[in-house]
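Asker: Counted from 1, the sequence shown has number 232 at position 208 by our numbering; the numbering is strictly sequential.
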Amino acid sequence: MTWPNIVITPGHTRQSPGAINKTYGLSEHEITKSIIEKVADSYIRKDRRKAGYNLIAFTPNYTHRTYGDCLRAKFNDINEMNPSLILEFHFNAVASDEVVGSEMVSAPDMASRKFAKYMMREFASYHKLLAPDNKARRLFLPRRVVTPQDLGRDIFILDSAKYPTNIVEFSFLSTDVIARQFMDRVFVTELAWHIEDSLFDYARHNLLGD
Ligand SMILES: [Zn+2]
25 MTWPNIVITP GHTRQSPGAI NKTYGLSEHE ITKSIIEKVA DSYIRKDRRK
75 AGYNLIAFTP NYTHRTYGDC LRAKFNDINE MNPSLILEFH FNAVASDEVV
125 GSEMVSAPDM ASRKFAKYMM REFASYHKLL APDNKARRLF LPRRVVTPQD
175 LGRDIFILDS AKYPTNIVEF SFLSTDVIAR QFMDRVFVTE LAWHIEDSLF
225 DYARHNLLGD
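1) Output the boundary residues of the beta strand (DSSP E) element that contains Arg-89.
2) Contact between the segment 154-161 and the segment 66-78: three or more CB pairs below 8 Å?
3) Who does Leu-215 pair with in a DSSP beta bridge?
4) Should Gly-92 be listed as close to ligand 1, given that the test is whether its C-beta is under 7 Å from any heavy atom?
5) Go ahead and label Ser-66 buried or exposed: buried means 16 or more other beta carbons lie within 10 angstroms of its beta carbon, across all protein chains shown.
6) So does Gly-42 have its beta carbon nearer than 7 Å to some heavy atom of ligand 1?
7) Less than 6 Å between C-beta atoms, sequence neighbours within five positions excluded: which residues of the same chain meet that for Trp-217?
8) Could you say if the segment 189-200 and the segment 110-119 meet the contact criterion of at least three C-beta pairs nearer than 8 Å?
9) Just the Cα atoms here: how many angstroms apart are Arg-167 and Lys-186?
10) Please go through the segment 128-190 and give each complete beta strand (DSSP E) segment of 3 or more residues, from N-terminal end onward.
11) Could you tell me the distance, in whole angstroms, from the CA atom of Lys-98 to the CA atom of Phe-180?
12) With respect to 7 Å, is the separation between the Cβ of Gly-125 and the closest non-hydrogen atom of ligand 1 below this value?
13) Apart from the five residues on each side of it in sequence, which residues of its chain come closer than 8 Å, Cβ to Cβ, to Met-207?
14) Put Ala-97 into one of helix, strand or coil per three-state DSSP.
15) Shortest alpha-carbon distance to Asp-101 belongs to which of Ala-81, Val-170, Ala-160 and Thr-90?
16) For His-53 versus Arg-38, is the C-beta distance shorter than 8 Å?
17) Got a sec, what are the start and stop residues for the alpha helix (DSSP H) Phe-206 sits in?
18) Quick check: the Cα distance between Leu-231 and Asn-116, rounded to an integer number of angstroms?
Now the structure itself:
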């Protein structure tokens, strides 16, 4: 019997790293890659390899000429893994007074949306990792689940998804208080371990047979 595969992957590429925090010279690709490495580390250290599903941390380093070519190559490689769930990690760029928080962007199918709603609930517990007086806390609040259609935007990995696929957008990287929070290795490790717990529970209840 083959085990279901959960694929986690950082957004963007080394050459085209996404949002940048200018104060600290920190990129979206760089931080999401480090979160993913820590989630994978948690899966191994908690001995989930016996749990009946594979967690694949996929951080490719393509050298295709354009960003679009890298995305297509990535998408093809992930499809080859026959994943039961794909989760790509991102940060939004700019926070405003009206818009704060973390969100899930989901492919429009039922399974993708179900996972997105589950993760939004889990975010309420990640939010509690930050002390009430921490300025990053409000920015890290769970916000909403949307589809590319709701946003009126094309999002390649979601629009072409053959498997349940989601993007998590953690808060706002251009905000220094968030960048500093994600430079804190203890916080990132704790967050990654919580995310891994969430994936474990989801796999147990939704991907594994009895
Ligand atoms: Zn992004």
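For every residue, glycine included, the Cβ atom is placed at its ideal position computed from N, Cα and C. On a predicted model such as this, the values are computed, not experimentally measured, just so you know.
Answerer: The short version:
1) If you number the sequence shown from 1, residue 89 lands on position 65. Arg-89: not part of any beta strand (DSSP E); DSSP gives it neither H nor E.
2) no
3) The residue given as residue 215 occupies position 191 in the sequence shown. According to DSSP, Leu-215 bridges with nothing at all.
4) Sequence index remark: in the sequence shown, residue 92 carries index 68 (1-based). Gly-92: no, Cβ never under 7 Å from ligand 1.
5) Position 42 of the sequence shown, counted from the start, is the residue given in the question as residue 66. The residue in question, Ser-66, is buried, as its Cβ has 16 or more Cβ neighbours within 10 Å.
6) Position 18 of the sequence shown, counted from the start, is the residue given in the question as residue 42. Answer for Gly-42: yes, Cβ within range of ligand 1.
7) Here the question's residue 217 lines up with position 193 in the sequence shown. Excluding sequence neighbours, Trp-217 sits near Ser-66.
8) Cβ pair count under 8 Å is three or more, so yes.
9) Here residue 167 is taken as the residue at index 143 of the sequence shown, counted from 1. Here residue 186 is taken as the residue at index 162 of the sequence shown, counted from 1. If I take the Cα positions, the gap works out to 26 Å.
10) 166-170
11) Indexing the sequence shown from 1 puts residue 98 at position 74. Indexing the sequence shown from 1 puts residue 180 at position 156. Distance between Lys-98 and Phe-180, taken at the CA atoms: about 11 Å.
12) Numbered from 1 along the sequence shown, position 101 holds the residue referred to as residue 125. For ligand 1, not one heavy atom lies less than 7 Å from the Cβ of Gly-125.
13) Numbered from its first residue, the sequence shown carries residue 207 at position 183. Tyr-48 and Leu-50, listed in sequence order.
14) Walking along the sequence shown from the start, residue 97 turns up at place 73. Three-state result, Ala-97: helix.
15) As a working note, residue 101 is residue 77 in the sequence shown. Of the candidates Ala-81, Val-170, Ala-160 and Thr-90, the one whose C-alpha sits nearest the C-alpha of Asp-101 is Ala-81.
16) Position 29 of the sequence shown, counted from the start, is the residue given in the question as residue 53. Position 14 of the sequence shown, counted from the start, is the residue given in the question as residue 38. In contact: His-53 and Arg-38 (Cβ atoms closer than 8 Å).
17) For this step, residue 206 is matched to residue 182 along the sequence shown. Here the alpha helix (DSSP H) through Phe-206 covers 200-207.
18) Residue mapping note: residue 231 aligns to position 207 of the sequence shown, counting from 1. Residue mapping note: residue 116 aligns to position 92 of the sequence shown, counting from 1. Those two C-alpha atoms are separated by around 29 Å.
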